[in-house]
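A.B. asks:
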Amino acid sequence: MSRKPAKPVLYFSFRSPYSWMALRQLEARFPEAPETVEYRPWWEPDERTRKALDGRGAPFPYIPMSKAKHLYILQDVKRLSEGMGYKVAWPIDIDPWWEVPHLGWLAARRSGQDRQLLAALMSARWERGADICDQDVLRAVAEEAGIDPLPIVSAVDDPDIRAEGLEALVRVYEDDAFGIPYFKIGRFRYWGLDRLDGFLQELSAAGLRTDDATAVEDDVIPVAIADRIGAYDHDTAGGCG
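69 is the number of the first residue of the sequence shown in the numbering used here; add one for each residue after it.
#1: What separation, rounded to the nearest whole angstrom, lies between the Cα atoms of P109 and G153?
#2: Check whether the region 184 to 204 and the region 236 to 248 are in contact - that is, three or more C-beta pairs closer than 8 Å.
#3: Would you mind giving the Cβ-Cβ distance between E167 and T104, rounded to the nearest angstrom? I have them listed as a contact below 8 Å.
#4: Should the region 78 to 93 be regarded as contacting the region 184 to 194, the criterion being three or more beta carbon pairs within less than 8 Å?
#5: For my contact list, L94 and L264 are in at a C-beta cut-off of 8 Å; report their separation, rounded to the angstrom.
#6: Is it true that the CB of G233 sits closer than 7 Å to the CB of L185?
#7: Could you tell me whether the Cβ atoms of I229 and A223 are closer together than 7 Å?
#8: Starting from W166, trace the alpha helix (DSSP H) in both directions and tell me its first and last residue.
#9: Quick one: complete alpha helix (DSSP H) runs, 4+ long, within the region 97 to 176?
#10: Cα-Cα, which of V77, D122 and A120 is closest to P102?
#11: List the whole-angstrom C-beta distance separating R147 from W111, where the pair is believed to meet the contact cut-off of C-beta under 8 Å.
#12: Rounded to the nearest angstrom, what separates R183 and L139 at their Cα positions?
#13: Between H138 and chain B, is any beta-carbon pair separated by less than 7 Å?
#14: Tell me whether Q181 is buried or exposed, calling it buried when 16 or more other Cβ atoms sit within 10 Å of its Cβ.
#15: Which residue comes first and which comes last in the alpha helix (DSSP H) that contains F267?
#16: To which residues of the same chain is Y79 closer than 6 Å at the C-beta, ignoring the five residues directly before and after it?
#17: Go ahead and pull the three-state DSSP assignment for R36.
#18: Hey, could you find the ends of the alpha helix (DSSP H) R207 is sitting in?
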């Protein structure tokens, strides 16, 4: 008896501007993505989660970036976002606690509101420069999205959500998702914003996306911009701040 093919996967992070741009591009070019692709969170764990990951033999694949790399990313994101017609407001992260928004998103997923919170948090962080690791900010963003903020804000202190978050990061290790955005369909893996085309083509080949959507792809990302994508993605795994 043949096994049902595994659902395509996208690893995303609220921390990464490349993840923000990839999500916008993916859903603009494939509106059925939230129903077809499994979105999985990827974030730099706090000390409590890091120790639990080490205890599971699943260390998190992240190396802090250098100042030079950070300055380059500022220029690169400005260039890419302008080329795509996106307005970016770069957030200032001071000792961010990434469990706060990502565990909040897991809580929203339990109530079927993950799509709304994902869009709201990405917009708040990358289009308004909001500190979404601040629980007061998270509460306001959830309210703006029409979501009950209490389970979202309290997720970081919920043992069940914490356990679910640990399993999510164990899957990061098991899937070798060393950076984001990271796409997976079957045996094919695609790392970085510039690999979105390959992921979309594989979705079409698998019969998960119609050819009509493929016909307009060439005009979405200008060639001059597409040629410059990837300097960040070819370096250290995915942290931006």
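C-beta: ideal position from N, C-alpha, C; glycine also.
C.D. replies: The relevant details are as follows:
#1: Computed Cα separation, rounded: 26 Å.
#2: no
#3: About 28 Å separates the Cβ atoms of E167 and T104, ruling out a contact at the 8 Å cut-off.
#4: yes
#5: 6 Å
#6: In this structure, G233 does not lie closer than 7 Å to L185 by Cβ.
#7: yes
#8: Unbroken run through W166: none, as it is neither H nor E.
#9: 101 to 104, 115 to 123 and 135 to 152
#10: V77
#11: For a cut-off of 8 Å, the C-beta gap from R147 to W111 is around 25 Å, too long to register as a contact.
#12: 31 Å
#13: Checking the listed chains, one finds no chain B in this structure; it contains a single protein chain.
#14: buried
#15: First-last of the alpha helix (DSSP H) with F267: L264 to A273.
#16: R108, W110, A245, I248 and Y250
#17: One cannot answer for residue 36 here, as it falls past the ends of the chain, which runs 69 to 309.
#18: Q203 to E212
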